[in-house]
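*Asks:* Before we start, here is the structure in question, set down as structure tokens.
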Amino acid sequence: MLSDSHKILVVDDEMLWLELIELHLRDSGYRIVTANHGQQALDILRADPYGFDLLVLDKIMDGLDGMDVLRRIKADPYLKFLPIILESADTAPEKILEGIRAGAYYYLTKPFSGEQLRAVIQNALNQHQDVQLTRRELLNTKDTLQLVEEMVFAFRTREQVRKIVALLSSACFLTVVQEMGLLELMLNAVEHGNLGISYNEKTQLISENRLDEEIERRLGLHEYADKTAMVKFRRCGRSLIFNISDEGNGFDWQPYLEMQFERINDNHGRGIAMANTLAFTHLSYLGIGNRVDATIVLHE
22 MLSDSHKILV VDDEMLWLEL IELHLRDSGY RIVTANHGQQ ALDILRADPY
72 GFDLLVLDKI MDGLDGMDVL RRIKADPYLK FLPIILESAD TAPEKILEGI
122 RAGAYYYLTK PFSGEQLRAV IQNALNQHQD VQLTRRELLN TKDTLQLVEE
172 MVFAFRTREQ VRKIVALLSS ACFLTVVQEM GLLELMLNAV EHGNLGISYN
222 EKTQLISENR LDEEIERRLG LHEYADKTAM VKFRRCGRSL IFNISDEGNG
272 FDWQPYLEMQ FERINDNHGR GIAMANTLAF THLSYLGIGN RVDATIVLHE
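Heads up: the sequence shown begins at 22 in our numbering, then just goes up one per residue.
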């Protein structure tokens with residue numbers, strides 16, 4: 022999807038920041054609409070609930086602040102799937118986690134560079150597109166999937182991941198956050214696991230908008246041709262258990278289980294933390310890090 026098809030609402034009560042963000046995005050092809058307070062932003066969105074692809078929202082504003090706007094958007098059935106980037110000078114980890122828990126899975130700390138802004142926007146739009154494609158696949162599944170007790174899938178590509186997540190979501194009544202968490206873990210198995218794309222390489226590829234191209238290139242190489250990842254699902258009482266494994270060399274997962282301040286402005290790297298803190302009741306990596314067990318405990 023080309024950037025000039027994306028419409029972005031930018032909300033900040035400081036005119037200087039609105040002008041700076043517009044300047045940073047001037048040559049990116051996005052259609053930018055601005056609002057200088059929270060209520061104006063809600064009015065714009067409610068007047069055209071399907072007209073925007075992304076919201077860049079300042080957290081601390083006079084009147085209706087960013088967290089109030091965020092909560093109202095997530096409570097609105099017409100707006101709740103809109104991806105949101107929260108921007109703030111408040112870098113306290115608990116404040117960052119507060120925004121993520123409320124539904125803003127992308128965070129920019131002020132001051133940020135134009136390159137950081139563009140990279141996070143591109144990543145947010147790409148991930149939102151993945152979720153939208155997954156939900157379209159979900160519409161094509163059958164109600165009988167909800168009777169399934171166990172499933173096993175092998176996968177190699179991002180497209181296969183989306184189709185499998187759609188099936189599992191239908192079978193398990195997953196929420197959007199749980200879908201995103203499962204999607205992130207399975208995409209990691211493809212990108213970082215089997216295809217060996219490092220954290221720094223992915224940062225650069227996203228910045229250059231070449232991630233999809235590099236994934237396709239590596240899928241065609243002999244050294245990766247026979248590598249597959251697996252996801253096994255089973256119901257156990259009131260628990261939904263997902264075992265995801267790949268044939269890669271593993272990684273040190275410990276730094277990624279929680280949001281880390283030093284990575285907060287990176288254009289990716291939040292997926293495992295989001296899955297661990299929001300999507301699953303329990304999440305644990307095993308062995309060298311090429312297997313992860315994720316569990317959702319259903320409440321009465």
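Think of the CB as a built atom: it goes at the ideal place given N, C-alpha and C, for glycine as much as any other residue. Computed from a predicted model, the values in this text were never measured in an experiment.
Mind checking whether I121 and L78 have CB atoms under 8 Å apart?
*Replies:* Their beta carbons are not under 8 Å apart, which means I121 does not touch L78 by this criterion.
*Asks:* Using a Cβ-Cβ distance under 8 Å, would V252 count as near chain C?
*Replies:* Of the chains in the structure shown, none is chain C; there is only one protein chain.
*Asks:* Counting Cβ pairs, one atom from each stretch, are 3 or more of them under 8 Å apart for the region 287 to 305 and the region 264 to 278?
*Replies:* Output reads yes: the region 264 to 278 touches the region 287 to 305.
*Asks:* With respect to the alpha helix (DSSP H) encompassing I53, which residues constitute its N-terminal and C-terminal limits?
*Replies:* Careful: I53 lies outside any alpha helix (DSSP H), inside the beta strand (DSSP E) at 52 to 56.
*Asks:* To the nearest angstrom, how far is the alpha carbon of D89 from that of K253?
*Replies:* 39 Å
*Asks:* If we ignore side chains and look at the alpha-carbon of each, how far apart do N264 and E205 end up?
*Replies:* 13 Å
*Asks:* Give the single residue among N147, N57, D48, L129 whose Cα lies nearest to the Cα of I285.
*Replies:* L129
*Asks:* Do I53 and V31 come within 8 Å of each other at the CB atom, strictly closer than that value?
*Replies:* yes
*Asks:* Can you find the residues in the same chain that come closer than 8 Å, C-beta to C-beta, to V173, ignoring five residues on each side of it along the sequence?
*Replies:* These residues qualify, in order along the chain: M251, V252, K253, F254.
*Asks:* So, are the CB atoms of K80 and A123 less than 8 Å apart?
*Replies:* no
*Asks:* Along the chain, where does the beta strand (DSSP E) containing S49 start, and where does it finish?
*Replies:* Run containing S49: none; DSSP gives neither H nor E here.
*Asks:* Taking the beta strand (DSSP E) that S109 falls in, what are its first and last residues?
*Replies:* 105 to 109
*Asks:* Determine the contact status of I142 and L188, defining contact as a CB-CB distance below 8 Å.
*Replies:* no
*Asks:* So, for L103: in the same chain, excluding its five sequence neighbours on each side, which residues have a beta-carbon less than 7 Å away from its beta-carbon?
*Replies:* F73, L76, I94
*Asks:* Taking Cβ positions, are I309 and G271 nearer each other than 8 Å?
*Replies:* yes
*Asks:* Touching or not, the region 211 to 222 and the region 231 to 245, by the rule of three or more beta carbon pairs under 8 Å?
*Replies:* yes
*Asks:* What number of angstroms, rounded off, separates the C-alpha of E40 from the C-alpha of R139?
*Replies:* 15 Å
*Asks:* Could you tell me which whole beta strand (DSSP E) segments of length 3 or greater appear in the region 215 to 269?
*Replies:* 250 to 257, 260 to 266
*Asks:* For the beta strand (DSSP E) containing I315, name the first residue and the last one.
*Replies:* A small correction: the amino acid at residue 315 is Ala; Ile does not occupy that position in the sequence shown. Per DSSP, the unbroken beta strand (DSSP E) holding A315 starts and ends at 312 to 318.
*Asks:* What separation, rounded to the nearest whole angstrom, lies between the Cα atoms of K28 and Y51?
*Replies:* 6 Å
*Asks:* Taking the alpha-carbon positions, what's the E222 to I117 distance?
*Replies:* 25 Å
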